[in-house]
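Going letter by letter, the sequence shown gives residues 127 to 353 in the working numbering.
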Amino acid sequence: MFLSKFFGTENFNLQQVVTPCFGFIVAIYNYYFNFNTNELRIFLPYYTHQTFIIGIILQIKDLNKTLPKRFQNESLNVFIHILFNGIIPTAFLVTIIFWFVIFPSLDFSKCNILNYFQHITEHLLQSIFVGIDWYLILIPTSVKHFIPMFLAGINFLIFAQFYHAYSGNWIYDFVDTSNENSFLTYTAVITFWGIFGIIFTIIHKKKNNCIIEKFSKNETKNNKKSN
């Protein structure tokens, strides 16, 4: 496939070089010069940034071809399945929420080019790159693989409580437990993440079947031509 040849070879991977370097430079700039005032001067608490960091760590591991010596293949397969079924739909979900819910409410009157680059890198390019991986990699899945996505939603809400206890601030307004019907909000969020995870696994399974079927047809045609 053209995209796989463009973004990566055995000696060079464009995504693994450009994304971390550019992303970190822009992220550091926006941390100190955030156009939405210093109240938003936080980095790691945002889920997008967490998935961004995880992606970079995996890229570095892949570049160096380094894994713990006692890390068995079985453990690696399980780890990849869990991560793949959590980080990919999360990236897509965050992208949708940002551009359709958060972006329209932001004040861009003081925004400069690097502020725009931050949002493009973290809320668009990240989804494009992981989307390419998602399309090209045929990792088996089943409906029960929605569990990592479901647990990710619960873990993030728990993390929000610890962050509030540490800093006194809520990452997002909707996780504020002082809000009316906060219990219903939390229940709705967790339920939504679980349903979204199920939908993603169904789409992922259909995508795998379509690619495998297409590959099989091409193989059959090539065999007929060679005969």
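Just so it is clear, CB atoms sit at the ideal spot from N, CA and C, and this is done for glycine as well. Note that this is a predicted model, so its numbers are computed, not measured.
{"Item": "I325, DSSP secondary structure in three states", "Value": "helix"}
{"Item": "Rounded Cβ spacing between T327 and S268 (contact assumed at less than 8 Å)", "Value": "7 Å"}
{"Item": "Assigned secondary structure, E248 (DSSP; H/G/I helix, E/B strand, else coil)", "Value": "helix"}
{"Item": "Enclosing alpha helix (DSSP H) for I273 [first to last residue]", "Value": "I273 to S293"}
{"Item": "Rounded straight-line distance, which links the Cα of N344 to that of F243", "Value": "41 Å"}
{"Item": "Inter-residue Cα distance where the pair is F133 and S308", "Value": "The predicted position of F133 is uncertain, since its pLDDT is 49 and thus under 50; a value taken from the coordinates is nonetheless stated next. Roughly 44 Å between the two C-alpha positions."}
{"Item": "Outcome for Q287 when other beta-carbon atoms lying within 10 angstroms are tallied against a minimum of 16", "Value": "exposed"}
{"Item": "Reduced DSSP category for I263 - H, G, I as helix; E, B as strand; rest coil", "Value": "coil"}
{"Item": "W296 - DSSP class collapsed to helix/strand/coil", "Value": "coil"}
{"Item": "For N335, three-class secondary structure by DSSP", "Value": "helix"}
{"Item": "Residues of its chain near F300, where Cβ-Cβ distance is below 8 Å and the 5 sequence neighbours each way are ignored", "Value": "T311 and V315"}
{"Item": "CB of F276 within 7 Å of CB of W319, strictly", "Value": "yes"}
{"Item": "Separation of H249 from S231, as counted between CA atoms", "Value": "15 Å"}
{"Item": "I263 versus I337, K350 and S342, residue with shortest Cα-Cα distance", "Value": "I337"}
{"Item": "Residues near I324 in its chain [Cβ-Cβ closer than 7 Å; skip 5 each side]", "Value": "V269 and F272"}
{"Item": "F229, buried or exposed, once every other Cβ within 10 Å from all chains shown has been counted against 16", "Value": "exposed"}
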